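S.K.:
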Amino acid sequence: MDPRDILSIVFLLAAAPFFLAGTIGLLRFPDVFCRLHALTKADNLGLGLIVIGLALQADTWLQSARLLLIWLLVMLSGATVAHLIARTALRAGRKPWSGRS
Amino acid sequence: MTELCAGLALFLLVTIVLGLIRIRRGPSDADRMLSAQLFGTTGVAILLLLGQATDRSFWWDVALVFALLSAVTAIAFVSRTEPAETAQEQRDEHGS
Amino acid sequence: MTPGLLLLFDLLLPAVLLWLAWRSLTSSDLFRAVILFIAFSLLLALAWVRMEAPDVALAEAAIGAGVTGALLLVALARIESAAGRRLSPSARWRSAALVLTGTALLAAAAGLLWSLRLLPTMPGGLGPLVDRHLAESGVDHPVTAVLLNFRGYDTLLEVGVLLLAAIAIWCLDEAVPFLQQPLESQLLTGFNRMMLPILLLSSGYLLWLGSHAPGGAFQAASLLAAGMLLALFSGASLPAQWSGLPLRLLLVLGFFAFLAAAIIGPLTGRALLHYPPAWEKPLILLVEWLLTLSIALILTAAVIGGRPTGSRLYPPPSSPSAEGRRQ
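First to last, the sequence lines map onto chains W, Y and V.
Here the first sequence stands for residues 110 to 210, numbered as in our numbering.
Here the second sequence stands for residues 169 to 264, numbered as in our numbering.
Here the third sequence stands for residues 4 to 330, numbered as in our numbering.
What follows is the structure, given as structure tokens:
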């Protein structure tokens with residue numbers, strides 16, 4: 110098989126656990142701040158590995174650039190939104206989980 | 169490759185369905201909002217994979233729009249003053 | 004194997020959509036209902052993708068998941084701050100909503116299925132007909148050709164409906180402060196500085212794309228509206244002298260430009276909306292550009308939710324006294 114195909118498969122398969130971790134973290138972590146961490150792992154690494162895997166399959170540089178742009182935008186939005194949501198939660202009075210519940 | 173992309177897209181859809189549980193549980197509005205944010209990101213990933221699986225790259229334009237707009241609803245959320253918690257929410261929060 | 008996996012996807016997606024719609028209507032907490040609706044719009048965009056309808060998918064992603072989500076959240080925040088407490092629909096209303104919606108859905112589904120049996124079988128549907136006349140339409144993309152030329156009447160009326168909606172919203176009340184308290188965040192300011200040019204560029208890209216690929220005025224307008232919303236969330240406002248006649252002119256410009264293009268036909272001896280040959284492409288381009296601007300302003304005005312007063316900024320700035328209310 111084409112080495113490019115093998116690499117793509119590796120990257121795509123590697124992305125799955127990060128999205129799974131994001132969802133499991135969303136469901137199991139004890140407070141909103143920890144869950145924001147889980148969210149951003151899916152944003153950065155999960156989507157990033159998918160983008161790399163698909164970019165290897167792209168026919169032209171332009172297509173790879175499109176994929177990269179989408180990933181950068183998602184990371185930018187994700188980081189800003191995570192910060193803003195955490196700030197809102199803090200100002201609303203939520204205390205971060207301290208391990209002694 | 170096509171099977172892998174389709175299978176991954178299905179897998180990501182299942183993670184979205186699981187994420188709906190957080191919307192139900194809460195307990196705070198921020199938890200629900202960040203679930204919606206995660207759905208946006210996962211939606212982008214699903215669109216990229218579907219585009220590859222069906223060999224049509226204009227799905228990637230839809231993914232671009234998702235990516236551009238994912239922040240707008242969240243920013244609308246943080247602009248509001250969170251109304252007073254109901255008693256049920258206070259019970260939920262101390263419980264979990 | 005691929006048909007199997009995609010089939011599973013196609014089975015799971017509608018099931019989740021139906022469940023989300025049901026939960027959104029019967030949720031005991033309005034905020035949760037809004038979030039479920041946003042998730043519903045996101046998944047609906049995926050459904051359009053699976054149904055091979057990229058123009059609708061673009062519109063759904065932009066309007067449904069973006070602008071409408073912001074509109075519902077802003078409206079909910081305003082109602083709840085006026086009521087002073089979290090709102091939830093009463094249990095009686097929720098079960099009535101469920102019964103009514105269920106009955107209406109069943110009736111609509113039955114009617115659709117019955118009418119399907121009555122349809123004459125036409126091989127390929129209307130697609131080949133459109134393709135045959137595509138060269139005369141002035142654009143290269145069949146969906147845009149249908150929307151702005153062959154069935155321009157529908158689009159003209161849709162824009163009219165949007166304009167009526169903006170007028171109706173303005174009839175209700177004057178604009179209230181958009182933000183309850185100023186959102187001071189350097190990160191948000193930096194984010195907006197990066198996103199506003201990108202949104203403007205993407206809006207133009209989608210508009211240009213519409214002539215030969217999925218895209219068009221509505222999609223570009225919703226991206227532009229999202230940019231305006233980002234500016235509003237950072238505290239931007241329109242100065243008073245701009246919110247009077249200039250704003251109103253821009254709001255109606257799209258509709259009246261389209262109407263003017265439509266009337267050219269009867270004035271030159273053709274049917275309504277029958278563009279003169281060789282004028283089609285420039286007319287469609289001009290109308291789409293102006294439509295984008297107007298629709299973006301209409302959508303933003305809908306989110307602001309009130310008419311400009313002519314003597315204050317539009318929307319009015321938040322008052323510092325609102326800070327004290329939260330404690």
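Backbone N, C-alpha and C fix where the C-beta goes; we use that ideal spot for every residue, glycine too.
These figures come from a predicted structure and were not determined experimentally.
Taking 8 Å as the CB-CB cut-off, is His192 of chain W touching chain V?
M.R.: Using a CB distance cut-off of 8 Å, His192 of chain W counts as an interface residue toward chain V.
S.K.: Give me the chain V residues within the contact set of Leu185 of chain W, using Cβ-Cβ distance strictly less than 8 Å, ordered along the chain.
M.R.: Phe194, Met197, Met198
S.K.: Quick check on this structure: which residue in V:Tyr278, V:Arg310, V:Leu248, V:Ala171 has the alpha carbon closest to the alpha carbon of Leu333 of chain V?
M.R.: Residue 333 of chain V lies beyond the stretch modelled for chain V, which goes from 4 to 330, so this question has no answer here.
S.K.: Less than 8 Å between CB atoms is the rule here; does Phe120 of chain W satisfy it with respect to chain Y?
M.R.: no
S.K.: From Leu186 of chain V to Pro242 of chain V, what distance separates their C-alpha atoms?
M.R.: Here the alpha carbons of Pro242 of chain V and Leu186 of chain V stand approximately 20 Å from one another.
S.K.: Taking the straight line between their C-alpha atoms, what separation do you get for Leu21 of chain V and Ala299 of chain V?
M.R.: Their backbone Cα atoms lie some 30 Å apart in a straight line.
S.K.: Per DSSP, Leu241 of chain V forms a beta bridge with which residues?
M.R.: V:Tyr317
S.K.: Cβ of Leu61 of chain V within 8 Å of Cβ of Pro217 of chain V?
M.R.: yes
S.K.: Suppose you measure from the CA of Gly272 of chain V to the CA of Val149 of chain V; what does that come to, to the nearest Å?
M.R.: Those two C-alpha atoms are separated by around 22 Å.
S.K.: Are the region 251-266 of chain V and the region 227-240 of chain V touching, with three or more C-beta to C-beta distances below 8 Å?
M.R.: Of all C-beta pairs linking the region 251-266 of chain V to the region 227-240 of chain V, fewer than three are shorter than 8 Å, placing the two stretches out of contact.
S.K.: Can you tell me whether DSSP reads Arg310 of chain V as helix, strand or coil?
M.R.: strand
S.K.: Would you please state the rounded distance, in angstroms, between the beta carbons of Leu227 of chain V and Ser246 of chain V? I believe it to be under 8 Å.
M.R.: With a Cβ gap of about 18 Å, Leu227 of chain V and Ser246 of chain V do not count as contacting.
S.K.: Given this structure, state the Cα-to-Cα distance separating Val173 of chain Y from Val37 of chain V, to the nearest angstrom.
M.R.: It should be noted that the sequence gives Cys, not Val, for residue 173 of chain Y. The alpha-carbon atoms of Cys173 of chain Y and Val37 of chain V are separated by roughly 31 Å.
S.K.: The alpha helix (DSSP H) spanning Lys150 of chain W covers which residue range?
M.R.: Counting along the chain, the alpha helix (DSSP H) containing Lys150 of chain W begins and ends at 141-150.
S.K.: In this structure, does DSSP put Ala177 of chain V in helix, strand or coil?
M.R.: In the sequence as displayed, the identity of residue 177 of chain V is Glu instead of Ala. Three-state DSSP puts Glu177 of chain V in a strand.
S.K.: Say whether chain V places a C-beta atom closer than 8 Å to the C-beta of Thr221 of chain W.
M.R.: No statement about residue 221 of chain W is possible, as the shown extent of chain W runs from 110 to 210 and does not include it.
S.K.: Along the region 192-216 of chain Y, what residues have a CB closer than 7 Å to any CB found in chain W?
M.R.: Ser196, Ala198, Asp199, Met201, Leu202, Ser203, Gln205, Leu206, Thr209, Thr210, Val212, Ala213, Leu216
S.K.: Just checking: is the beta-carbon of Ile189 of chain Y within a distance shorter than 8 Å of some beta-carbon in chain V?
M.R.: no
S.K.: Taking contact to mean at least 3 C-beta pairs separated by less than 8 Å, is the region 233-246 of chain Y in contact with the region 65-76 of chain V?
M.R.: yes
S.K.: Label Val164 of chain V either buried or exposed according to how many other C-beta atoms from any shown protein chain fall within 10 Å of its C-beta, with 16 as the threshold for buried.
M.R.: exposed
S.K.: Exposed or buried, what is Pro332 of chain V when buried is set at 16 or more other beta-carbons lying within 10 Å of its beta-carbon?
M.R.: This structure does not reach residue 332 of chain V, given that chain V is present from 4 up to 330, and the question cannot be answered.
S.K.: Given that Thr183 of chain Y touches chain W, what residues does it touch there, using C-beta distances under 7 Å?
M.R.: Neighbours of Thr183 of chain Y on chain W, chain order: Phe128, Leu129, Thr132.
S.K.: Does the region 167-183 of chain W come into contact with the region 129-139 of chain W, if we say contact requires no fewer than three beta-carbon pairs (one atom in each stretch) closer than 8 Å?
M.R.: no
S.K.: Taking DSSP as the reference, what is the three-state secondary structure of Asp111 of chain W?
M.R.: coil
S.K.: List the whole-angstrom C-beta distance separating Gly219 of chain V from Glu291 of chain V, where the pair is believed to meet the contact cut-off of C-beta under 8 Å.
M.R.: 7 Å
S.K.: Taking one C-beta from the region 196-212 of chain Y and one from the region 147-156 of chain W each time, how about it: are there three or more such pairs within less than 8 Å?
M.R.: yes
S.K.: Check whether the region 222-231 of chain Y and the region 182-193 of chain Y touch, using three or more Cβ-Cβ pairs below 8 Å as the test.
M.R.: In short, these stretches do not touch, since the Cβ pair count stays below three.
S.K.: For Ser93 of chain V, decide whether its Cβ has a neighbour in chain Y, counting only Cβ atoms nearer than 8 Å.
M.R.: It does not; no Cβ of chain Y falls within 8 Å.
S.K.: Flag Ala242 of chain Y as yes if its beta-carbon sits less than 8 Å from any beta-carbon of chain W, otherwise no.
M.R.: yes
S.K.: What are the residues of the region 132-152 of chain W that lie near chain V, defined by any Cβ-Cβ distance shorter than 8 Å?
M.R.: none
S.K.: Since Ser196 of chain Y and Ala198 of chain W should fall inside the 8 Å C-beta cutoff, what is the C-beta to C-beta distance between them, to a whole number of angstroms?
M.R.: 7 Å
S.K.: Taking only runs that begin and end inside the region 6-44 of chain V, name each unbroken beta strand (DSSP E) of 3 or more residues, in chain order.
M.R.: none
S.K.: Along the alpha helix (DSSP H) that carries Gln172 of chain W, what are the first and last residues, could you check?
M.R.: That run of the alpha helix (DSSP H) goes 170-200.
S.K.: If you follow the alpha helix (DSSP H) that Asn195 of chain V is in, where does it begin and where does it stop?
M.R.: Looking at the DSSP string, the run of the alpha helix (DSSP H) that includes Asn195 of chain V is 189-212.
S.K.: Quick one, which residues of the region 67-91 of chain V are near chain A if we go by CB-CB under 7 Å, in chain order?
M.R.: Given the protein chain composition of this structure (W, Y and V), no chain A is represented.
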